[in-house]
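K.L.:
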Amino acid sequence: MTASRIRIVGDPVLRQRAEEVDDIDERLVRLTRDMAETMYAAPGAGLAAPQVGIKSRFFVYDLQDDAGAKTLINPEIVESDGEWLYDEGCLSVPGLYFEILRPKRVHVRGLDLDGNEVDWEAD
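Structure below.
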């Protein structure tokens with residue numbers, strides 16, 4: 137596996153709309169493995185494809201639940217409610233943390249690397 141270079145704020149790819157993933161193939165699986173390695177090395181809890189220069193709608197994440205890195209492809213927020221302020225960092229803005237207003241509860245849907253629908257709620 138090869139760690140990828142994380143794009144930093146100001147990189148044009150971070151401002152472009154990512155494209156939907158049409159095919160889940162071996163290339164995508166390899167990319168997600170490389171991204172997970174990059175995420176852990178940074179260290180971080182999540183890393184989106186545009187953050188490593190890929191204009192596609194998927195990200196890797198680790199919920200620290202002993203399941204390891206997971207991937208969500210073509211994610212969409214189905215529903216959200218409530219608000220809370222949270223100090224948050226971003227691997228594309230290294231060393232800085234900001235108070236961010238986020239939903240208290242979010243319902244998310246997408247696909248995993250096997251093409252199965254993933255549907256979960258988080259709070």
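Reading the sequence shown from the start, the letters are residues 137 to 259 in the working numbering. Glycine included, C-beta positions come from ideal geometry on N, C-alpha and C. If you're wondering where the values come from, they're calculated on a predicted model, not measured in any experiment.
When you compare each of 245, 227, 259 to residue 182 by their alpha carbons, which one comes out closest?
P.N.:
227
K.L.:
Got a sec? Which residues, its chain only, sit under 6 Å from residue 252 by beta carbon, not counting five neighbours each side?
P.N.:
none
K.L.:
Please list the segments of the beta strand (DSSP E) lying wholly inside the region 234-259, counting only runs of 3 or more residues, in order along the chain.
P.N.:
The DSSP assignment places 241-247, 253-258 as complete runs of the beta strand (DSSP E) inside the region 234-259, in order along the chain (cut-off: 3 residues).
K.L.:
Measuring CB to CB, does residue 195 end up less than 8 Å from residue 179?
P.N.:
no
K.L.:
Determine the direct distance from the alpha carbon of residue 186 to that of residue 230, and round the result to whole angstroms.
P.N.:
16 Å
K.L.:
What is the residue span of the alpha helix (DSSP H) that residue 221 lies within?
P.N.:
No alpha helix (DSSP H) contains residue 221, which is instead part of the beta strand (DSSP E) from 220-226.
K.L.:
Let me confirm a value: residue 193 is counted as buried when at least 16 other C-beta atoms fall within 10 Å, else exposed. Which label applies?
P.N.:
buried
K.L.:
Count the other CB atoms within 10 Å of the CB of residue 172; is the residue buried (16 or more) or exposed (fewer)?
P.N.:
Buried.
K.L.:
Would you mind sorting residue 188 into buried or exposed? The rule is 16 or more other CB atoms within 10 Å of its CB.
P.N.:
buried
K.L.:
If you draw a straight line from the C-alpha of residue 140 to the C-alpha of residue 165, how long is it?
P.N.:
14 Å
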